[in-house]
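Right, one structure below, let's go through it.
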Amino acid sequence: MNDFLLGVAAFLVLNVAAGLVRVARGPSPADRMLAAQLFGTAGVAILLLLAEATGEPALRDTALVFVLLAVVLSVAFVKRGWVRGPGTRPEKE
Amino acid sequence: MAPILGVISALLILMGAAFFLAGTVGLLRFPDVYCRLHALTKADNLGLGLVALGLILRPGEVATRVQIVLIWLLALAAAATVCHILARTSLREGVAAFGVDAPPADAVPVGAGDRDKIVGSSGPSGDRGTH
Numbered sequence: 001m002n003d004f005l006l007g008v009a010a011f012l013v014l015n016v017a018a019g020l021v022r023v024a025r026g027p028s029p030a031d032r033m034l035a036a037q038l039f040g041t042a043g044v045a046i047l048l049l050l051a052e053a054t055g056e057p058a059l060r061d062t063a064l065v066f067v068l069l070a071v072v073l074s075v076a077f078v079k080r081g082w083v084r085g086p087g088t089r090p091e092k093e
Numbered sequence: 001m002a003p004i005l006g007v008i009s010a011l012l013i014l015m016g017a018a019f020f021l022a023g024t025v026g027l028l029r030f031p032d033v034y035c036r037l038h039a040l041t042k043a044d045n046l047g048l049g050l051v052a053l054g055l056i057l058r059p060g061e062v063a064t065r066v067q068i069v070l071i072w073l074l075a076l077a078a079a080a081t082v083c084h085i086l087a088r089t090s091l092r093e094g095v096a097a098f099g100v101d102a103p104p105a106d107a108v109p110v111g112a113g114d115r116d117k118i119v120g121s122s123g124p125s126g127d128r129g130t131h
């Protein structure tokens, strides 16, 4: 059963890796940010599976921190980090 | 009873992984950022919920099961928040939606609340006083 859980976790890691293609392609800054959101959700699932497979309860607390960081990261991104690039309206003035 | 629960748990976790795969395919294949937000914040969180449900059914302490449920609920709230602010910022910054013409450069985005700019740009230039 532990091998099964670890296998699913590995599959989710591959999902996150495939999502990195979207970071490379863009085109808008929000598209690149979406991969971070994928990493947040899939990362939580990976950590929950690993916590169950290895019997390491601290990994569950790490999953909790992942969720919180995903929100803070996105809010900081839209408030401070939005870089105008192709696909968005040019800055006025 | 335990073997049946184990099978159900494994099936739920597999279904969750399938939803994660659907979310990743959507992220890569959907045409614009608004569609991709759907794939990420809906399909992925359903996948996370199924994985969490599958893990809850496995034998273990009650406290850790409750913690898993709370983590999932927090992830749901987080995804809703992130989806909203990303979509609103994209709209405000003029990211074009699939199948819709890009908004003109001087369009006032929804929710901008910039009333004075609308009056100043299209209204008569005479002194009509303050609204």
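So the protein lines, in turn, are chains X and Y. Numbering-wise (the working numbering), the first sequence opens with residue 1 and increments by one. Numbering-wise (the working numbering), the second sequence opens with residue 1 and increments by one. Even for Gly, the Cβ is constructed at its ideal location relative to N, Cα and C.
What separation, rounded to the nearest whole angstrom, lies between the Cα atoms of G26 of chain X and L20 of chain X?
Start at 1 with the first residue of the first sequence, and residue 26 of chain X comes out as number 26. Start at 1 with the first residue of the first sequence, and residue 20 of chain X comes out as number 20. Across the structure, G26 of chain X and L20 of chain X are spaced so that their CA atoms are roughly 10 Å apart.
Within 9 Å of chain X by C-beta, residues of the segment 17-29 of chain Y in sequence order:
Contact annotation: in the segment 17-29 of chain Y, residues whose CB is within less than 9 Å of a CB in chain X are A17, F20, L21, G23, T24, V25, L27, L28.
Is there a Cβ from chain X that is less than 8 Å from the Cβ of I4 of chain Y?
Working through the second sequence from its first residue, we reach residue 4 of chain Y at position 4. With 8 Å as the cut-off, I4 of chain Y does not count as an interface residue toward chain X.
Determine contact between the segment 70-88 of chain Y and the segment 66-74 of chain X, defined as no fewer than three beta-carbon pairs at a distance below 8 Å.
Touching, per the Cβ criterion.
Where the alpha helix (DSSP H) through D61 of chain X begins and ends
Here residue 61 of chain X is taken as the residue at index 61 of the first sequence, counted from 1. 58-76 is the extent of the alpha helix (DSSP H) around D61 of chain X.
Distance CB(L27 of chain Y)-CB(L34 of chain X) smaller than 8 Å
Here residue 27 of chain Y refers to the residue found at position 27 when the second sequence is read from its first residue. Here residue 34 of chain X refers to the residue found at position 34 when the first sequence is read from its first residue. Yes, the pair counts as a contact, with Cβ atoms nearer than the cut-off.
Where does P29 of chain X land, buried or exposed, given buried means 16+ other C-beta within 10 angstroms?
As a working mapping, residue 29 of chain X is identified with position 29 in the first sequence. Around the beta carbon of P29 of chain X, 16 or more other beta carbons sit within 10 angstroms, so the residue counts as buried.
Short of 8 Å in beta carbon distance, which residues of its chain neighbour I71 of chain Y, apart from the five on each side in sequence? Order them along the chain.
Looking up residue 71 of chain Y in the second sequence gives position 71. So the list reads A52, once near-sequence residues are dropped.
May I ask which residues mark the beginning and end of the alpha helix (DSSP H) holding R22 of chain X?
As a working note, residue 22 of chain X is residue 22 in the first sequence. From DSSP, the alpha helix (DSSP H) with R22 of chain X extends over 2-25.
Just to confirm before moving on: does the CB-CB distance between G16 of chain Y and G54 of chain Y stay below 8 Å?
Here the question's residue 16 of chain Y lines up with position 16 in the second sequence. Here the question's residue 54 of chain Y lines up with position 54 in the second sequence. Yes; because the gap between Cβ atoms is below 8 Å, this pair is in contact.
Please list, in chain order, all residues of the same chain as A45 of chain X whose beta carbon is under 6 Å from its beta carbon, the five residues on each side excluded.
As a first step, residue 45 of chain X must be located in the first sequence, where it is residue number 45. If you ignore the 5 residues before and after A45 of chain X, its C-beta comes within less than 6 Å of the C-beta of L12, all in its own chain and listed in chain order.
Quick one: list the residues of chain X neighbouring V82 of chain Y, beta-carbon separation under 7 Å, in chain order.
On the second sequence, residue 82 of chain Y is found 82 positions in, with the first residue counted as 1. Under the 7 Å cutoff, chain X gives Q37, A70, V71, S74.
If you reduce the DSSP assignment to three classes, tell me which class W82 of chain X lands in.
Your numbering for residue 82 of chain X matches position 82 in the first sequence. Reduced to three states, the DSSP call for W82 of chain X is coil.
Where L40 of chain Y and D3 of chain X are concerned, what is the direct C-alpha to C-alpha distance, given to the nearest angstrom?
The residue given as residue 40 of chain Y occupies position 40 in the second sequence. The residue given as residue 3 of chain X occupies position 3 in the first sequence. For the pair L40 of chain Y and D3 of chain X, the Cα-to-Cα distance works out to about 27 Å.
Contained alpha helix (DSSP H) runs [length at least 4] in the segment 35-82 of chain Y, N- to C-terminal order
As summarised for the segment 35-82 of chain Y, the continuous alpha helix (DSSP H) elements at least 4 residues long and confined to that stretch are 44-56, given in chain order.
So, under 8 Å CB-CB, V75 of chain X and I4 of chain Y are touching, yes? Tell me the CB distance rounded to an integer number of Å.
As a first step, residue 75 of chain X must be located in the first sequence, where it is residue number 75. As a first step, residue 4 of chain Y must be located in the second sequence, where it is residue number 4. For V75 of chain X against I4 of chain Y, the beta-carbon gap comes to about 44 Å, at or over 8 Å, which does not count as contact.
Suppose contacts are defined by Cβ-Cβ distances below 8 Å. Is D44 of chain Y in contact with L49 of chain X by that definition?
Working through the second sequence from its first residue, we reach residue 44 of chain Y at position 44. Working through the first sequence from its first residue, we reach residue 49 of chain X at position 49. Not a contact, by the Cβ cut-off of 8 Å.
Under a CB-based cut-off of 8 Å, is D3 of chain X close to chain Y?
By one-based count along the first sequence, residue 3 of chain X stands at place 3. Answer no: the Cβ-Cβ gap between D3 of chain X and chain Y never drops below 8 Å.
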